[in-house]
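**Q** Numbering (my numbering), first residue to last: 42 to 101. Glycine included, each C-beta is placed from N, C-alpha and C at the ideal position. Have a look at the structure that comes next, please.
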């Protein structure tokens, strides 16, 4: 996986707490990171809205 900022190497990490589970992707080079679960939920909503014929009005 390549970084969105510097095109460096990103590593996927799992963080477990008692309440939630998170998947993060973190760049080795610049330290940029994002939550993969939020990105997947965003694209799931986009696909569902397109399937139902609704206008796509989702923000990340």
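In the DSSP assignment, the alpha helix (DSSP H) including residue 84 goes from what residue to what residue?
**A** As a position in the chain shown, residue 84 is number 43, starting the count at 1. Looking at the DSSP string, the run of the alpha helix (DSSP H) that includes residue 84 is 77-93.
**Q** Identify which residue in 90, 74, 46 has its Cα closest to the Cα of residue 53.
**A** Locating residue 53 in the chain shown gives position 12, where the first residue counts as 1. Comparing Cα-Cα distances from residue 53 to each of 90, 74, 46, the minimum goes to 74.
**Q** Buried or exposed: which applies to residue 51, given that a residue is buried once 16 or more other Cβ atoms fall within 10 Å of its Cβ?
**A** Position 10 of the chain shown, counted from the start, is the residue given in the question as residue 51. Label assigned to residue 51: buried.
**Q** For the beta strand (DSSP E) that residue 71 lies in, which residues bound it at each end?
**A** What you label residue 71 is simply residue 30 of the chain shown in a count that begins at 1. Per DSSP, residue 71 belongs to no beta strand (DSSP E) and is neither H nor E.
**Q** Just the Cα atoms here: how many angstroms apart are residue 72 and residue 43?
**A** Counting from one through the chain shown, the residue named residue 72 turns up at place 31. Counting from one through the chain shown, the residue named residue 43 turns up at place 2. Using only the alpha carbons, I get a separation of about 12 angstroms.
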